[in-house]
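Asks: Residue numbers (this note's numbering): 3 to 117. For each residue, glycine too, the CB sits at the ideal point set by N, CA and C. Here the structure is a predicted model, which means the values were calculated and not measured. Below: one structure in structure tokens.
Below, the structure written as structure tokens:
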């Protein structure tokens with residue numbers, strides 16, 4: 003290898019090492035930022051103050067309509083799809099609605115509903 007080639011390779015190695023250090027620093031900053039959100043990625047999904055109230059309203063809605071779907075909860079509660087889906091999952095865990103079956107509304111398990 004010629005002297006000129008060695009210089010080019012040395013500069014490229016130095017550049018890559020500096021880039022590697024910068025990327026590690028960025029990653030560390032991102033990890034520090036994400037660590038300030040302790041429930042991020044936690045499947046327990048932190049409850050918001052309004053969640054209990056929304057759950058009760060969702061129960062009433064599915065009792066009255068005898069069906070349960072995300073779109074029904076979205077329209078009735080003026081919430082987004084993600085929250086409506088989460089509410090349906092909670093209602094399923096409580097035994098109030100059955101599991102999802104494609105695009106069909108979920109079955110309401112009336113034996114588990116309180117009046």
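Would residue 11 be called buried (16 or more neighbouring beta carbons within 10 Å of its own) or exposed?
Replies: Burial call: exposed.
Asks: Pull up the distance between the alpha-carbon of residue 13 and that of residue 31, whole angstroms please.
Replies: Answer to the nearest angstrom: the Cα atoms are 27 Å apart.
Asks: Apply the 10 Å Cβ neighbour rule to residue 105 and answer buried if 16 or more other Cβ atoms are within range, or exposed otherwise.
Replies: Counting Cβ neighbours within 10 Å, residue 105 comes out exposed, since fewer than 16 surround it.
Asks: Quick one: which unbroken alpha helix (DSSP H) runs of 4-plus residues sit fully inside the region 22-90? Chain order, please.
Replies: Fully enclosed alpha helix (DSSP H) runs of 4 or longer: 53-67, 72-79.
Asks: Between residue 73 and residue 86, is the Cβ-Cβ spacing less than 9 Å?
Replies: Their beta carbons are under 9 Å apart, which means residue 73 touches residue 86 by this criterion.
Asks: Would you report the Cα separation of residue 80 and residue 16, rounded to the nearest angstrom?
Replies: So the two alpha carbons sit approximately 56 Å from each other.
Asks: Please state whether DSSP places residue 105 in a helix, a strand or coil.
Replies: The answer is coil: DSSP assigns residue 105 none of H, G, I, E or B.
Asks: Quick one, are the C-beta atoms of residue 90 and residue 71 less than 9 Å apart?
Replies: In contact: residue 90 and residue 71 (Cβ atoms closer than 9 Å).
Asks: Drop a sphere of 10 angstroms on the beta-carbon of residue 101, count the other beta-carbons inside from all chains shown, and report buried for 16 or more, exposed for fewer.
Replies: With fewer than 16 Cβ atoms within 10 Å of its Cβ, residue 101 is classed as exposed.
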